[in-house]
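J.:
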């Protein structure tokens, strides 16, 4: 172990901790030994490491998005809207980080990817359960997508629970009603496992908010935060699609999907539809 005198001679302040026999270090706290030992190339190709790390770091950011959205939904359901604003702003920043990651992956050329693509087997980003949970949390629900998780019983149960939970948009609609703005009962009592469908009464409710901003400032702020998040998620989808097209063209995906064709269809699935349609009617 370095003595304080030696520490000073190489530029370390005397107060800097160097003995971690009994103290927790940076690596200990973050479990870096486990994290940094989780990149296992199945080929000998240099660029497979890029592919693995991009996807692993994306999953970590997605974990944080789920963590934040869960907290935000709780606040909104309790009609405590203001605490959710900071959380939702953070979610938008995380989404920006995820969007930027596609530009790094796009440095992988088609020829480089083909060197290890066969090693992926049938694994595919379509199977990312965290991305699916984010889509569910934002209101885009499809029970059929759970089929890819049936081989993992605990995960399958977890995904079913996520499917039936209120989305953040469900929570926002109930917040409208809590403020005395009417919404059709069929919306309030809908099957939460189904994909959200646009409703005229919901559009009218949000129009009331946007036409009376001073009276409903917190609901207005919430709506704009949701628009930010929905927009960022669409940008993430678009960058995903364009990166895939750049690398594999229109080949079938490793998981069996139609690849770029499927990803283009996904872009048609809009989040929080009334928050977009009301803009035409204002």
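Residue numbers (our numbering): 4 to 285.
For every residue, glycine included, the Cβ atom is placed at its ideal position computed from N, Cα and C.
Figure out for me which residue from 169, 250 and 75 has the closest Cα to the Cα of residue 192.
T.: For residue 192, the nearest C-alpha among the options comes from 169.
J.: Classify residue 138 as helix, strand or coil using the three-state DSSP reduction.
T.: Three-state result, residue 138: helix.
J.: Identify the continuous alpha helix (DSSP H) that holds residue 30 and give its terminal residues.
T.: Taken as a continuous stretch (DSSP letters only), the alpha helix (DSSP H) holding residue 30 covers 29-33.
J.: State buried or exposed for residue 121, treating a residue as buried only when at least 16 other CB atoms are found within 10 Å of its CB.
T.: Exposed is the call here.
J.: Which two residues bound the contiguous alpha helix (DSSP H) that contains residue 242?
T.: Start and end: 220-251.
J.: Excluding the 5 residues preceding and the 5 following residue 4 in the sequence, name in chain order all residues of the same chain whose CB lies nearer than 6 angstroms to its CB.
T.: Note that residue 4 scores a pLDDT of 49, beneath 50, so its modelled location is shaky and nothing firm can be said.
J.: Helix, strand or coil, according to DSSP, for residue 282 in the structure here?
T.: Residue 282 falls in the helix class under three-state DSSP.
J.: Mind pulling the alpha helix (DSSP H) runs of 4 or more residues that sit fully within the stretch 183-214?
T.: Counting whole runs of 4 or more residues, the stretch 183-214 contains the alpha helix (DSSP H) stretches 188-191 and 203-214.
J.: Thinking just about the alpha-carbon of each residue, which of 107, 99 and 67 is nearest to the one in residue 232?
T.: Considering only alpha carbons, the answer is 99.
J.: Hey, is the stretch 48-58 in contact with the stretch 180-200, meaning 3+ C-beta pairs nearer than 8 angstroms?
T.: Segments in contact, no.
J.: For residue 269 and residue 139, what's the separation of their Cα atoms in angstroms?
T.: When rounded, the distance between both Cα atoms is 14 angstroms.
J.: For residue 30, count the other beta carbons within 10 Å of its own beta carbon; 16 or more makes it buried, fewer makes it exposed. Which is it?
T.: Answer is exposed; the Cβ neighbour count stays below 16.
J.: Report yes if the CB atom of residue 71 is closer than 8 angstroms to the CB atom of residue 119, and no otherwise.
T.: Not closer than 8 angstroms, so no.
J.: Measuring alpha carbon to alpha carbon, tell me which of 67, 267 and 179 ends up nearest residue 80.
T.: Nearest option by C-alpha distance: 179.
J.: Using 8 angstroms as the cut-off, can you tell me whether the stretch 252-268 makes contact with the stretch 124-136, which would need three or more C-beta pairs spanning the two stretches below that distance?
T.: With a cut-off of 8 angstroms, the stretch 124-136 and the stretch 252-268 count as touching, because enough Cβ pairs lie within range.
J.: Within a Cβ cutoff of 7 angstroms, which residues of the same chain sit near residue 254, ignoring the five residues on either side of it in sequence?
T.: Cβ neighbours of residue 254 beyond the five flanking positions: 262.
J.: Just verifying my parser: in three-state terms, what is the DSSP assignment at residue 19?
T.: Here residue 19 sits in coil by DSSP.
J.: Check for me: the alpha helix (DSSP H) holding residue 152 runs from which residue to which?
T.: Taken as a continuous stretch (DSSP letters only), residue 152 belongs to no alpha helix (DSSP H), as it is neither H nor E.
J.: Using the Cα positions of residue 33 and residue 39, report the straight-line distance between them to the nearest angstrom.
T.: The alpha-carbon atoms of residue 33 and residue 39 are separated by roughly 10 angstroms.
J.: I'd like to know if the stretch 142-158 and the stretch 271-280 are in contact, where contact means that at least 3 CB-CB pairs between them fall below 8 angstroms.
T.: The stretch 142-158 vs the stretch 271-280: in contact.
J.: In its own chain, which residues sit with a C-beta less than 7 angstroms from the C-beta of residue 95, not counting the 5 before and 5 after it?
T.: 231, 232 and 235, listed in sequence order.
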